[in-house]
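Mapping the sequence shown onto full-length UniProt numbering, position 27 (from 1) lands on 27, and the numbers just tick up by one. Quick reminder that beta carbons are idealized off the backbone N, C-alpha and C, glycines included. Before any comments, here is the structure.
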Amino acid sequence: MSEKIILSVPAHLDYLAIVESFVEMVGKHIPVQNKELLAQQLRFTVNEAFVNILQHTPRPPDGMVVIHFEFDPPTLYLRFPDRGKGLKIKDQYPPYSSEMVGDDYLILKTLGGELYGYIENPRTVKLWFKEVDTQMDKKQIIAQLKPGGMGLSIIVKFMDEVRFVKDEEEGHYLEIKKYLTGDQESGRNSDS
Numbered sequence: 001m002s003e004k005i006i007l008s009v010p011a012h013l014d015y016l017a018i019v020e021s022f023v024e025m026v027g028k029h030i031p032v033q034n035k036e037l038l039a040q041q042l043r044f045t046v047n048e049a050f051v052n053i054l055q056h057t058p059r060p061p062d063g064m065v066v067i068h069f070e071f072d073p074p075t076l077y078l079r080f081p082d083r084g085k086g087l088k089i090k091d092q093y094p095p096y097s098s099e100m101v102g103d104d105y106l107i108l109k110t111l112g113g114e115l116y117g118y119i120e121n122p123r124t125v126k127l128w129f130k131e132v133d134t135q136m137d138k139k140q141i142i143a144q145l146k147p148g149g150m151g152l153s154i155i156v157k158f159m160d161e162v163r164f165v166k167d168e169e170e171g172h173y174l175e176i177k178k179y180l181t182g183d184q185e186s187g188r189n190s191d192s
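Below is the structure:
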């Protein structure tokens, strides 16, 4: 049986602590072996998604950020609607051209790896993380980093599936899935 919760908070950083506390509480009530780890992963994930909405999308007309939670065992779904244009890949926002469908695109390089977007269809991008064992020193790594976007890397590493979807009826949203089996050590989103 599916359980759904919708959290609606003012679109302001002052409410981040409330969002984090709520999500941590939700995580502690989900029946998994390591509730604390799941709660922390959810807290970091929702923190990054909430901040990204505030920083990168137009303020919602009602001034609220809405977060959808659905627990349908064994999967936890999170959805973050926003008013943004979507993820820009190769100077294009969704819907992407048909030539781009089926291909992976490097979104950014970050510490320990690279974040990619696989265009599933003209309106959906699935994000994935490739671990990179690098011998570069810290100065070389920092020189290659792009500002912003590191939050997406965190989300992708902690969760199992992460997508940006541009829906004609629902608008743009970030969709996240976490499969709640095992000990929740990490997401399954790397290239392994």
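The beta carbon of His-56 sits closer than 7 Å to the beta carbons of Gly-84 from its chain, once the five residues preceding and following it are set aside; these are given in chain order.
Inter-segment contact for the segment 1-8 and the segment 69-77 is present: three or more beta-carbon pairs are separated by less than 8 Å. Looking at the DSSP output, Thr-75 sits in a beta bridge with Asp-72, Tyr-179. Taking 8 Å as the cut-off, the beta carbon of Leu-174 is found no closer than this to the beta carbon of Ala-39.
Under the three-pair Cβ rule at 8 Å, the segment 81-95 counts as touching the segment 156-166.
The C-alpha of Tyr-105 lies about 16 Å from the C-alpha of Val-132.
By the Cβ test, the segment 100-120 is not in contact with the segment 60-69, since fewer than three Cβ pairs between them sit closer than 8 Å.
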